[in-house]
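Each remark here refers to the structure printed beneath this line.
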Amino acid sequence: SQLAEENSWALSVHEGESVTVNCSYKTSITALQWYRQKSGKGPAQLILIRSNEREKRNGRLRATLDTSSQSSSLSITATRCEDTAVYFCAFVNTGNYKYVFGAGTRLKVIA
Amino acid sequence: DPKIIQKPKYLVAVTGSEKILICEQYLGHNAMYWYRQSAKKPLEFMFSYSYQKLMDNQTASSRFQPQSSKKNHLDLQITALKPDDSATYFCASSQDRGADTQYFGPGTRLLVL
Numbered sequence: 104s105q106l107a108e109e110n111s112w113a114l115s116v117h118e119g120e121s122v123t124v125n126c127s128y129k130t131s132i133t134a135l136q137w138y139r140q141k142s143g144k145g146p147a148q149l150i151l152i153r154s155n156e157r158e159k160r161n162g163r164l165r166a167t168l169d170t171s172s173q174s175s176s177l178s179i180t181a182t183r184c185e186d187t188a189v190y191f192c193a194f195v196n197t198g199n200y201k202y203v204f205g206a207g208t209r210l211k212v213i214a
Numbered sequence: 005d006p007k008i009i010q011k012p013k014y015l016v017a018v019t020g021s022e023k024i025l026i027c028e029q030y031l032g033h034n035a036m037y038w039y040r041q042s043a044k045k046p047l048e049f050m051f052s053y054s055y056q057k058l059m060d061n062q063t064a065s066s067r068f069q070p071q072s073s074k075k076n077h078l079d080l081q082i083t084a085l086k087p088d089d090s091a092t093y094f095c096a097s098s099q100d101r102g103a104d105t106q107y108f109g110p111g112t113r114l115l116v117l
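If you're matching them up, the sequences are chains A and B in order.
Heads up, the first sequence is in the working numbering, so the first residue is 104 and it goes up one at a time.
Heads up, the second sequence is in the working numbering, so the first residue is 5 and it goes up one at a time.
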């Protein structure tokens, strides 16, 4: 099974609603990052949260990290149509510098 | 202006041929990476370079060879192409190797016939 995985393959919400994407991992990590990838583009980092941090915010985005349960969440408030994208979590293994990406959650924001 | 340039954007190749994917970054970063994204798989880490030195190689096949002629260049040579190599290849960079923000290029979409 994958070392990193988001808990939903696809989500859809109406514009203005909030949504949360969850991610779980199966190893000791140095940091976890959330990325967004829009159709035809490369991934763009949203938030980096280090293993000694519990929460990080970036505008309408909030990421949490629970190292005891090896899980993370990304919440988006006041969603907009332009938030439509695939959201990935990726972590860095403790002891090496390789990023492992989850398969992603496809989010559609409906006007 | 794009900070990470990948060329070409699209590439069609025949089985058995050889292609080079180009990547240049203008962010002043010391670490560069290659990733592959296939239709039904997660983004897959391939290589990392730091100060033009290969640091990590997660690619089982020697048909994939990164080449770094300058600190801000990391090309990917693929030989003896196979249809299974069809994917989008992303170059990325970060200030240093480690848990730093990685910035991704727009990708090169490769189709092997």
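Glycine included, each C-beta is placed from N, C-alpha and C at the ideal position.
Residue i vs residue j beta-carbon contact at 7 Å
i, j, result
"L85(B)", "V16(B)", "no"
"R139(A)", "A181(A)", "no"
"A91(B)", "S42(B)", "yes"
"L210(A)", "Y190(A)", "yes"
"Q173(A)", "S127(A)", "yes"
"F49(B)", "P146(A)", "no"
"T112(B)", "Q10(B)", "yes"
"T133(A)", "S154(A)", "yes"
"L25(B)", "Y93(B)", "yes"
"Y39(B)", "K7(B)", "no"
"T212(A)", "C184(A)", "Note that residue 212(A) is Val in the sequence shown here, rather than Thr. Contact flag set, yes."
"R163(A)", "I179(A)", "yes"
Residue range of the beta strand (DSSP E) that includes residue i
i, result
"P70(B)", "F68 to Q71"
"D104(B)", "Element bounds for D104(B): n/a, residue is neither H nor E."
"L117(B)", "Premise fails: L117(B) is in no beta strand (DSSP E) and is neither H nor E."
"S115(A)", "A113 to H117"
"T208(A)", "T208 to I213"
Local Cβ density within 10 Å of residue i, reported as buried at 16 or more and exposed below that
i, result
"G207(A)", "buried"
"A214(A)", "exposed"
"N76(B)", "buried"
"L117(B)", "exposed"
"Y200(A)", "buried"
"H33(B)", "buried"
"G205(A)", "buried"
"S121(A)", "exposed"
"V195(A)", "buried"
"L78(B)", "buried"
Residue i in three-state terms, based on DSSP
i, result
"E158(A)", "strand"
"D89(B)", "helix"
"S104(A)", "Any answer about S104(A) is weak, because its pLDDT of 42 lies below 50 and its placement is not dependable; what the coordinates show is given next. In this structure, S104(A) counts as coil in the three-state DSSP scheme."
"T123(A)", "strand"
"Q10(B)", "strand"
"A84(B)", "coil"
"F204(A)", "strand"
"S98(B)", "strand"
Quiz item: What beta strand (DSSP E) runs, 3 residues minimum, are completely inside the region 13–63 of chain B?
Solution: Here the runs fully enclosed are 14–17, 23–29, 35–41, 48–54 and 57–61.
Quiz prompt | beta strand (DSSP E) runs wholly inside the region 125–200 of chain A, at least 3 long, in chain order | solution = Listed in chain order, the complete beta strand (DSSP E) runs (minimum 3 residues) inside the region 125–200 of chain A are 132–140, 147–153, 158–161, 164–169, 174–179 and 188–196.
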